[in-house]
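What follows is a set of notes on a single structure, which appears directly below.
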Amino acid sequence: MRVFSSLLVSVILEVSFIRALLFREPLDLGDKRSSPVINRNFPDPGVLKVGDKWYAFGTNDGEIKVQVATSKDFKHWTLKKDDALPKVAPWEAEVDHWAPDVIERDDGKFVLYYSGEAKKSKLRQHCVGVAVSEDPGGPYVPEEEPWACPLERGGAIDASGFRDVDGKRYVAYKVDGNTIGPGGDCNNGVKPKVSTPIMLQEVEEDGIKKIGNPVQILDRDESDGPLVEAPYITRTEEGVYFLFYSSHCFNSKKYDVRYATSLALEGPYRKAKERLLKTGDFHLTSPGGATVSPDGMNITFHADCPDDRCMHIAKLKIDGDVATVELHDGYFKLW
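Structure below.
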């Protein structure tokens, strides 16, 4: 009788197990968690491809002012030990170098745009600096004077280069107005909030000398919180200009990646209703500082991680004037 009871229990358990397999809740394959490709502090990543090699440039970490990482496939990255900007210009402090971006010129040289802290600013405001190198990984030699430094308006940060289909070069950057704001979130969270405009400056072939005056192409509104920043422009084959940017404060969970579109480089730009990346997407927290790869197929950005802000990648999908992102196979986890 004990043998029969044991056998019966065994059969019941086996049937229950099979039933559980057949009728279990399906895995939610949409619940994907992005994994960083640089699993350490590497904020505001800018990317460049030279030949068959990718370069990524990140905001300062410790004593390294401009970080550099390389990759052969855009997915597996090696962080270099060398500082791409080992020496600074006379106008800037040794600390707090932000948001580097690099372009390649027709003469084979490379121009680094970066944000450096102005020595003469009592508020620790930043200005945009430029530096030149014959090697994409550096070392870069900075220009003696800042490239853009409107300290009376808050300074300037987050410069990025863009070359249009007609060959003309431009630089987009943010006037860092919130540094002289009334206080609160990122020093501009209470009224009367100040402007933090995105500017567009045409430059000569060297990527440095300015042509004319800068044009304002975007500014914050109430939906953006205290600021807009981290501009990056790309153009589709259909002739639509996409201006990617971040809104809210970088240390807030509201920090995100947004975009605006236009049929003309200088605007007007129309802000998309939906955010491209926000906290909660792919289990990310505070994604921002995005840059699009030169082929328009991929996007890099940072998000909060135990080591501060780590670099992530995603596929960029554009349909008309609508942009979406997907994770690369192998660069997510199912939870």
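Residues 248 to 582 in this note's numbering are what the sequence shown lists, from first letter to last.
Where is the CB? At the ideal position from N, CA and C, for every residue including glycine.
DSSP has Asn435 in a bridge; who is on the other side?
In the sequence shown, residue 435 corresponds to position 188, counting from 1. The partner list for Asn435 (beta bridge, DSSP) reads Gly430.
Would you mind sorting Gln372 into buried or exposed? The rule is 16 or more other CB atoms within 10 Å of its CB.
Within the sequence shown, numbered from 1, the residue matching residue 372 stands at position 125. By the neighbour-count rule (16 or more Cβ atoms within 10 Å), Gln372 is buried.
Limits of the beta strand (DSSP E) - the one that Arg505 falls within
On the sequence shown, residue 505 is found 258 positions in, with the first residue counted as 1. Arg505 -> beta strand (DSSP E) spans 505-509.
Measure from the alpha carbon of Glu310 to the alpha carbon of each residue in Ala537, Asn288, Val297, Lys322, then state which is nearest.
Counting from one through the sequence shown, the residue named residue 310 turns up at place 63. Ranking Ala537, Asn288, Val297, Lys322 by Cα distance to Glu310 puts Asn288 first.
So if DSSP puts Gly535 in a beta bridge, which residue, or which two residues, is it bridged to?
The residue you call residue 535 lines up with position 288 of the sequence shown. Partner(s): His549.
Just grab the DSSP bridge partners of Ile455 for me.
For this step, residue 455 is matched to residue 208 along the sequence shown. According to DSSP, Ile455 bridges with nothing at all.
List the whole-angstrom C-beta distance separating Val375 from Tyr360, where the pair is believed to meet the contact cut-off of C-beta under 8 Å.
Position 128 of the sequence shown, counted from the first residue, corresponds to residue 375. Position 113 of the sequence shown, counted from the first residue, corresponds to residue 360. Right, their Cβ atoms sit about 6 Å apart.
Given Cys588, which residues of its chain have a CB within under 8 Å of its CB, disregarding the five upstream and five downstream residues?
An answer regarding residue 588 cannot be provided, because it is not within the stretch 248 to 582 covered by the chain.
Taking DSSP as the reference, what is the three-state secondary structure of Glu596?
Because the chain here runs from 248 to 582, residue 596 falls outside it and cannot be looked at.
Could you say which of Glu351, Gly293, Ile565, Val335 lies nearest to Gly486 if we only look at CA atoms?
Mapped onto the sequence shown, residue 486 falls at position 239. Closest by alpha carbon: Ile565.
Tell me the residue span of the beta strand (DSSP E) that contains Leu474.
In the sequence shown, residue 474 corresponds to position 227, counting from 1. Element bounds for Leu474: n/a, residue is neither H nor E.
Consult DSSP for Arg416 and reduce its assignment to one of helix, strand or coil.
Here residue 416 refers to the residue found at position 169 of the sequence shown. Strand, per DSSP.
Going by DSSP, name the residue or residues bridged to Val315.
Stepping through the sequence shown from its first residue, residue 315 is reached at position 68. Answer by DSSP bridge pairing, in chain order: Phe304.
Look at the alpha carbon of Trp338 and the alpha carbon of Lys367, and state the distance between them as a whole number of angstroms.
In the sequence shown, residue 338 corresponds to position 91, counting from 1. In the sequence shown, residue 367 corresponds to position 120, counting from 1. Using only the alpha carbons, I get a separation of about 8 Å.
Nearest-angstrom beta carbon gap, Ala403 and Tyr418 [assumed within contact, 8 Å]
By 1-based counting over the sequence shown, the position of residue 418 is 171. By 1-based counting over the sequence shown, the position of residue 403 is 156. The residue asked about is misnamed: residue 418 is Val in this sequence, not Tyr. Going by Cβ atoms, the distance from Val418 to Ala403 rounds to 10 Å, so no, they are not a contact pair.
Go through its chain and collect everything with a Cβ distance to Thr526's Cβ below 8 Å, but skip five positions before and after it.
Along the sequence shown, read from residue 1 onward, the residue named residue 526 stands at position 279. So the qualifying residues of the chain are Lys500, Lys501, Tyr502, Asp503, Thr532, Ser533, Pro534.
Quick check: Ser195 and Trp301, are their CB atoms within less than 9 Å of each other?
Any question about residue 195 goes unanswered here, given that the chain covers just 248 to 582.
Nearest to Pro515 by CA position, among Gly567, Thr538, Glu392, Leu490, is which residue?
In the sequence shown, counting from the first residue as 1, residue 515 sits at position 268. Answer by Cα proximity: Leu490.
Ala340: which of Gly363, Pro333, Phe357 sits nearest, CA to CA?
Within the sequence shown, residue 340 is the residue found at index 93, counting from 1. The shortest Cα separation from Ala340 among Gly363, Pro333, Phe357 belongs to Gly363.
Helix, strand or coil for Asp528? Go by DSSP, reduced to three states.
Here residue 528 corresponds to residue number 281 of the sequence shown, with the count starting at 1. DSSP places Asp528 in helix when its eight states are reduced to three.
Ordered along the chain, which non-local residues of its own chain (more than five positions away) have a Cβ less than 7 Å from that of Glu573?
Stepping through the sequence shown from its first residue, residue 573 is reached at position 326. Hits under 7 Å: Ala561, Lys562, Lys564.
Measure the CB-CB distance between Lys322 and Val284 and report whether it falls below 9 Å.
Taking the first residue of the sequence shown as position 1, residue 322 is located at position 75. Taking the first residue of the sequence shown as position 1, residue 284 is located at position 37. Contact: yes.
With H, G and I counted as helix, E and B as strand and the rest as coil, what does DSSP make of Phe270?
What you label residue 270 is simply residue 23 of the sequence shown in a count that begins at 1. Residue confidence is low: Phe270 scores 34 on pLDDT, short of 50, so the model does not pin down where it sits. No coordinate-derived value is stated.
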